[in-house]
Every structure is written in structure tokens, then in C-alpha cells.
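Note sheet for the following structure.
2 protein chains.
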Amino acid sequence: MAPVTLDQVRCFIAVAEELHFGRAAERLSMTQPPLSRQIQKLETAVGATLLERSNRTVALTSAGSEFLEDSYRIFNALDQAVAHARRVESGSAGTVHLGFTATSAIRILGPLLVSLDKDLPDVQVILHERVTGGQVDGIRRGELDLGLARPPFDTTVLSSRVVAREPLYAVVSAAHPLATVEGPLGPEDLDGLPIISYHPVQARYFHELTVRFLVNGHSRIVQHVQQILTAMVLVAAGEGVALVPASASTLGVPGLVYKRLNDLEGGHPDSDPARPVELHAIWARGELTPLLRHVLHHVQEVATRHDDALKV
Amino acid sequence: MAPVTLDQVRCFIAVAEELHFGRAAERLSMTQPPLSRQIQKLETAVGATLLERSNRTVALTSAGSEFLEDSYRIFNALDQAVAHARRVESGSAGTVHLGFTATSAIRILGPLLVSLDKDLPDVQVILHERVTGGQVDGIRRGELDLGLARPPFDTTVLSSRVVAREPLYAVVSAAHPLATVEGPLGPEDLDGLPIISYHPVQARYFHELTVRFLVNGHSRIVQHVQQILTAMVLVAAGEGVALVPASASTLGVPGLVYKRLNDLEGGHPDSDPARPVELHAIWARGELTPLLRHVLHHVQEVATRHDDALKV
DNA sequence: TCGCACGATGCTCTGAAGGTATTGATGTCT
DNA sequence: AGACATCAATACCTTCAGAGCATCGTGCGA
Chain D
1 MAPVTLDQVR CFIAVAEELH FGRAAERLSM TQPPLSRQIQ KLETAVGATL
51 LERSNRTVAL TSAGSEFLED SYRIFNALDQ AVAHARRVES GSAGTVHLGF
101 TATSAIRILG PLLVSLDKDL PDVQVILHER VTGGQVDGIR RGELDLGLAR
151 PPFDTTVLSS RVVAREPLYA VVSAAHPLAT VEGPLGPEDL DGLPIISYHP
201 VQARYFHELT VRFLVNGHSR IVQHVQQILT AMVLVAAGEG VALVPASAST
251 LGVPGLVYKR LNDLEGGHPD SDPARPVELH AIWARGELTP LLRHVLHHVQ
301 EVATRHDDAL KV
Chain V
1 MAPVTLDQVR CFIAVAEELH FGRAAERLSM TQPPLSRQIQ KLETAVGATL
51 LERSNRTVAL TSAGSEFLED SYRIFNALDQ AVAHARRVES GSAGTVHLGF
101 TATSAIRILG PLLVSLDKDL PDVQVILHER VTGGQVDGIR RGELDLGLAR
151 PPFDTTVLSS RVVAREPLYA VVSAAHPLAT VEGPLGPEDL DGLPIISYHP
201 VQARYFHELT VRFLVNGHSR IVQHVQQILT AMVLVAAGEG VALVPASAST
251 LGVPGLVYKR LNDLEGGHPD SDPARPVELH AIWARGELTP LLRHVLHHVQ
301 EVATRHDDAL KV
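Chains as they are written, first to last, in the UniProt record's numbering: chain D, 1 to 312; chain V, 1 to 312.
Encoded structure:
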């Protein structure tokens with residue numbers, strides 16, 4: 001049982017289209033005798049007569065004309081498979097498992113997906129909402145390709161890049177005395193006030209930002225919440241003051257006033273004191289494939305547009 | 001630019017599934033070195049790295065795992081193409097262009113299609129309603145494979161076979177004196193009565209049957225219609241008497257009475273005087289493929305069932 | 001009736017693909 | 001830490017599938 005060969009199918013297509021062995025052979029850049037033999041082999045391999053040939057004429061049998069259609073399909077499938085493999089290697093096609101944190105990255109996901117769908121329509125993004133720690137684990141296990149999370153990370157196995165920076169705001173209830181103060185606030189402006197801060201483990205990043213800002217003041221932390229939205233709701237209820245990223249102002253919680261803060265010194269060397277809240281993209285060190293590079297580029301592009309929109 | 005070979009794809013599938021060149025080679029009944037070379041050739045032909053291999057381990061790249069899926073598809077398509085070609089050759093799959101005459105064969109088409117769909121689900125029947133002459137032309141031009149028509153035919157280019165015989169009935173209005181006569185009628189019973197006959201060219205077969213039946217009587221033909229249904233409507237309106245095939249009684253024209261006739265002698269040698277109305281299947285002489293044979297068998301089977309139903 | 005067009009067949013030879021032996025690199029076990 | 005085992009890659013040789021050339025057989029047209 002000799003198997004069917006692609007060459008045989010190629011030969012068959014030529015003969016079926018020309019209905020003439022000589023011309024078909026010419027088209028295939030070969031001579032007629034081996035072409036006849038290839039067709040014979042194909043017919044025995046398929047187990048059916050595909051071409052009815054007298055000494056003077058060639059015609060397709062019904063089995064042959066059906067097989068011709070299928071032959072086209074096979075070659076198209078092969079061509080597409082090759083082209084698709086190339087696109088995947090070049091990063092213009094493929095699948096990306098993208099992790100994100102609910103409260104921080106969710107705002108850029110919509111524009112990101114739109115932008116990717118426009119530029120890289122063959123790239124499929126599968127979203128995974130996880131806390132930073134979960135994203136790190138996912139990347140190490142190969143479940144995620146890219147994460148959008150808050151520092152710090154284990155830089156021995158992960159690479160990261162800042163994709164967005166934004167200012168830290170104080171948020172106070174509209175009825176609060178601070179609501180009408182002019183100019184940026186310093187820690188001393190919060191002296192004696194109740195502060196809504198964040199969970200030291202579950203929301204470590206914002207907890208540390210808050211602590212860093214308050215370090216030289218004399219305020220007191222009265223709550224440790226896990227979600228920024230929770231903090232804002234508590235502030236609206238008059239429970240105290242909270243520090244939130246600038247983009248939180250677009251969450252639309254009513255009855256709140258957002259106040260600029262003095263620059264926050266003491267971050268890592270590359271940080272921007274005016275925009276201390278950083279969102280990082282993270283991935284497995286050494287696994288920055290062309291596809292990830294493309295997606296990362298779109299993430300930064302979208303995040304930058306988002307930041308600009310916040311400035312205006 | 002060496003083209004992709006099926007052997008290369010086969011090798012790739014084995015390696016991709018085993019993730020081990022040695023085991024994959026064993027599965028392919030070959031040794032490891034040529035397998036390595038086949039994979040290399042495939043990768044250069046595709047233009048992408050499909051397998052990431054260190055000296056100790058083999059892993060699929062993302063391009064490779066996508067190509068693996070496509071590889072399965074290609075092999076499935078090939079297998080199906082081969083199987084389909086065999087089925088078409090054996091006659092258990094394919095397409096049949098079937099001609100039929102509106103008034104005569106239409107009653108068996110429904111059961112025929114049901115029966116074919118049950119036994120030969122991969123056979124597609126395309127119906128063409130044509131008069132006998134149109135069917136003959138269609139068969140000669142290759143537009144039709146099989147026809148259901150009335151004799152005579154040009155037997156030098158067509159083969160034919162009787163698929164159904166049925167009695168000829170006289171149909172009279174319920175108010176007519178003949179409606180109450182007992183026993184089969186002879187031509188003398190119609191003496192002096194107005195007869196509805198058929199168009200000598202367009203409905204030649206029934207015209208000749210009518211003339212043959214009346215040849216020794218003294219009735220007069222007052223109409224030449226083209227359709228059996230037309231004749232029956234005229235009879236119901238009291239315009240005269242008509243001769244119709246037995247199956248016409250199932251057309252459901254109200255106010256009619258069907259009378260048996262004496263046997264009709266003088267047909268061709270094989271004819272049955274009690275059932276002189278014949279339906280023939282016709283096809284291009286020498287073109288009785290297995291598929292046509294199957295379909296023809298179903299036609300006869302269904303027509304026989306139909307006849308039996310009429311007898312009861 | 002002859003000749004020609006065209007597919008099939010026989011024979012030879014080349015080159016692609018397979019096999020054996022070996023290398024080189026990388027984990028693993030003691 | 002060193003000896004060993006494992007596994008893919010490479011080198012070299014061998015074989016057979018497939019290509020080309022020459023020829024045959026047979027219908028169709030002049």
C-alpha cells in the first residue's frame with residue numbers, strides 16, 4: 001500500500017486541468033512518461049480510476065472530478081498552514097494569554113483589544129483577571145504570556161517594563177474642609193485626619209504608596225481595604241481621606257473631590273515623583289517573542305493615550 | 001525553494017507528538033538521523049522554526065503547535081478525499097442529474113428521494129423537469145445522467161428499461177351514463193361519445209395509446225390536450241371521456257369515476273396488455289455506471305411499491 | 001491507406017532519502 | 001567533581017524512487 005504523495009496530486013491537478021499529458025508535463029517542467037507513471041501510482045494508491053484515457057483523449061471520471069476539487073482543498077490547506085506558521089513566528093498571528101488586575105489595568109483593556117484587532121487581526125487575546133501574585137505564578141507555569149501588574153516582582157525570572165505612570169490623588173468627600181483648599185496637598189495637610197489605606201498584603205503596592213506619602217505627617221490609618229473602589233465609597237460616606245491613582249476619578253463615584261498632591265520622593269531611581277503610580281507589563285525572562293513584543297507595544301501605546309487623556 | 005512534502009509533515013507530526021526524535025523515528029519505522037534531516041527540511045521549506053530543540057529536549061514553538069493542528073487537517077482532508085473518490089467510483093456517492101416528466105414520473109420522485117437518502121446518503125440527486133424529447137437531448141449533451149420518460153426512444157444512443165407499468169383507465173364524469181356500467185369497457189362502449197385525447201406531438205405517447213384503444217370503435221376525438229390533468233378537468237366539466245393512466249386517480253379531481261378497460265393488444269412484444277402504460281428509465285448507451293445502476297435499482301423498487309399500492 | 005498525435009512501456013541513470021557510525025552537548029548519578 | 005548516559009546533529013555510504021530517452025501501440029484524420 002504505497003501512500004498518496006503530494007507530487008502525485010500535483011501531477012493529477014495538471015493533467016486534470018489540461019486533459020493532455022504532454023501539455024501537463026510541460027507545465028510541470030518534466031517529460032510525459034514519468035507523468036503517466038505518477039498518475040498510475042496515484043490511481044492505485046487511491047484505489048479508483050480518476051482519468052479515463054484512450055490513446056487519443058483524456059477525460060475525468062466522476063470520481064476524478066470530485067478528487068480534483070478535494071485536491072485543490074488540500075493544497076490550499078497546505079499553503080495556508082505554511083503562511084499561518086510564518087505569521088505566528090513573525091508575531092502577526094497567534095494567541096496571547098494576558099493577565100490583568102481588576103482595579104488597575106481594566107480601564108485600558110477595551111482600547112487595547114480594539115487596537116490589536118485593528119492592527120493584528122489574527123492575534124487572539126485571552127484575558128485572565130488575577131492579582132499580581134497570581135499573574136506571577138501563571139507566567140511561571142506557562143499559563144500566562146504577559147501580565148499587567150504592580151511592582152515589585154522577582155526580577156530573576158521575570159522581565160518587566162513600565163507601561164503607564166499616573167499621579168496619586170487624595171480623594172475627599174465634597175463636604176470635607178479640604179475640598180476647598182487650593183494647590184497641591186502635602187502630608188501635613190492630612191495631619192490628624194482619618195486615612196483609608198490598603199491591605200498590606202493583598203494591596204501592598206497602594207498601601208506602601210500611602211505609607212510613603214504619610215511618613216512625615218501625623219495622620220492615622222483607620223481602614224485597610226483591598227479595592228480602590230471600596231476606599232472611594234468609604235470616603236464618600238465620610239469615613240476619611242484616601243489616596244488613589246488619578247484614573248480612579250473616572251470611576252464615577254459621586255460626591256467626591258480629587259486633590260493634587262506634592263511630588264512623592266523616595267521611589268526607585270527611574271520613578272517620576274509627579275506620577276508615582278506605575279503599571280508594569282511582566283513576562284517570563286527571555287520569552288519576549290515577536291508576538292509579545294507586538295502586544296507589548298500596543299499596551300504601551302494605548303496606555304500612553306490613556307495617560308494623555310487624563311492630563312487634559 | 002524546495003516544496004513541503006507530505007513525508008515531512010508526517011515526520012513532523014510524529015516528532016511533535018512524541019517530543020522525542022528517537023521514539024518518533026521508531027514510530028515511523030526509520031532511524032533518527034534522517035528524521036532530523038526531514039524536520040530541518042520542513043522548517044526551511046515552511047520558513048519558520050517549528051520545534052525548539054536543545055541537545056536534551058524537544059518542544060513545540062507556538063508556530064509549531066499551530067502547524068501541528070493544520071497538519072492534522074491536511075491529512076484528514078487527504079484521507080477523506082481518497083475515501084470519497086472510492087465511494088464515487090463504487091457508486092455510493094456522487095451526483096445524478098435526473099430528468100422526469102411532470103405528469104408521469106412526478107409521483108414517484110418523493111419516495112425515490114427518501115429511499116435514496118436512506119440507502120445512499122452521499123448521493124445527491126438534481127432534478128430536471130423536462131418533456132421526453134428534452135430529456136433525450138439532455139442525456140446526449142451530458143446534462144442529464146438518467147431520465148424517466150415515455151417511449152419511443154432512439155435506441156442507437158440510449159438504453160432504456162421499463163420501471164413501471166400501469167393499467168389504462170377510462171375516466172367519466174359521475175353523472176355520465178357510463179359511470180354505472182359494470183365490468184371493463186371496450187371501444188364499442190364509447191361509440192358515438194366525444195373523446196378527450198392528447199396532443200399528437202407534445203403528448204404523443206398517450207395520444208397513441210388512446211388511438212390504439214379506439215381503433216375499432218366509432219367515437220370521435222373532440223380535444224387534444226397536453227396534460228393528463230387538463231383532460232381530467234375537461235371530463236369533470238362534462239366535455240367527454242378520456243383515457244388516463246391508473247395513477248391519475250390519485251390526483252384527486254372531484255366528481256370523476258374511473259372504469260377499467262379491456263386489455264390493450266398490439267403493443268410491443270414485451271408489453272403487458274393489462275398494463276399498457278409504461279414508464280421507462282433512459283440513459284446514454286454504455287454509460288451505466290455503478291452509481292446509475294444503484295439509482296436505477298431504487299427507481300424500480302420505488303415504482304414497484306407504487307404499482308402495488310395502486311392494485312390494492 | 002498512410003501518417004501523425006498521444007499515451008504507455010522498457011531501460012538507464014541521477015539524486016534524494018535512508019542507514020551506520022560518530023560527534024558534541026547536557027543532564028545525572030555516585 | 002568526574003564518569004556516564006542520553007539525545008540531537010553531522011559525516012559518509014548506500015539504495016531505490018523518479019526523471020529522461022527511446023520506442024511501441026493505437027486510433028483519428030487526410
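Glycine is no exception: its CB is placed at the ideal position from the N, C-alpha and C atoms.
- Note on the stretch 84-151 of chain D: whole alpha helix (DSSP H) runs with a minimum of 4 residues are 106-119, 132-141, in chain order.
- With its beta carbon at least 8 Å from every one in chain D, residue 287/V lies outside the interface.
- Contact of residue 67/D with chain V is assigned, a C-beta pair being separated by under 8 Å.
- The Cβ of residue 89/V sits closer than 8 Å to at least one Cβ of chain D.
- Close partners of residue 50/D in chain V (Cβ separation under 9 Å): 85, 89.
- Here the C-alpha atom of residue 94/D lies approximately 37 Å from the C-alpha atom of residue 27/D.
- By DSSP's assignment, residue 196/D forms a beta bridge with 223/D, 242/D.
- Taking 7 Å as the cut-off between beta carbons, the residues of the stretch 92-104 of chain V near chain D are 94, in sequence order.
- Contacts with chain V at 8 Å (Cβ-Cβ) include residue 74/D.
- The beta carbon of residue 207/V sits closer than 8 Å to those of 197, 198, 199, 200, 224, all from its chain and outside the five residues before and after it, given in chain order.
- In the three-state DSSP reduction, residue 19/V falls in the coil class, being neither helix nor strand.
- If only complete runs of 3 or more residues are kept, the UniProt domain "HTH lysR-type" (4-61) of chain V shows the beta strand (DSSP E) at 51-53, 58-60, in order along the chain.
- DSSP places residue 264/V outside both helix and strand once states are collapsed to three, so it counts as coil.
- Residue environment analysis places residue 145/D among the buried positions, since at least 16 neighbouring C-beta atoms fall within 10 angstroms of its C-beta.
- The criterion of a C-beta distance shorter than 8 Å is not satisfied by residue 40/V and residue 7/V.
- Residue state for residue 170/V is assigned as strand, using DSSP reduced to three classes.
- Ranking 36/D, 126/D, 156/D, 86/D by CA distance to the CA of residue 147/D puts 126/D first.
- Looking at the backbone, the Cα of residue 2/V and that of residue 44/V are separated by about 8 Å.
- Residue 217/V sits close to residue 187/V, with the two beta carbons spaced by under 8 Å.
- Inter-segment contact for the stretch 148-164 of chain D and the stretch 227-234 of chain D is absent: fewer than three beta-carbon pairs are separated by less than 8 Å.
- By the beta-carbon neighbour count (other beta carbons within 10 angstroms, threshold 16), residue 247/D is buried.
- In this structure, the CA atom of residue 82/D is about 7 Å from the CA atom of residue 67/V.
- By the C-beta density criterion, residue 135/V is buried, having at least 16 other C-beta atoms within 10 angstroms.
- With three or more CB-CB distances shorter than 8 Å, the stretch 114-132 of chain V counts as touching the stretch 86-104 of chain V.
- Residue 218/D carries a coil assignment under DSSP once its states are collapsed to helix, strand and coil.
- Between residue 166/V and residue 205/V, the alpha-carbon positions lie close to 14 Å from each other.
- Inclusion of residue 222/V and residue 240/V in the CB contact set at 8 Å is warranted, their separation being smaller than that value.
- A Cβ of chain V is located within less than 8 Å of the beta carbon of residue 63/D.
- By the criterion of a C-beta distance shorter than 8 Å, residue 202/V is surrounded in its chain by 131, 226, once the five residues flanking it on both sides are discounted.
- The contact set of residue 5/D on chain V, defined by CB atoms closer than 7 Å, consists of 6 in chain order.
- Look at residue 159/V here: in three-state DSSP terms it is strand.
- By the criterion of a C-beta distance shorter than 8 Å, residue 107/D is surrounded in its chain by 247, 250, 306, once the five residues flanking it on both sides are discounted.
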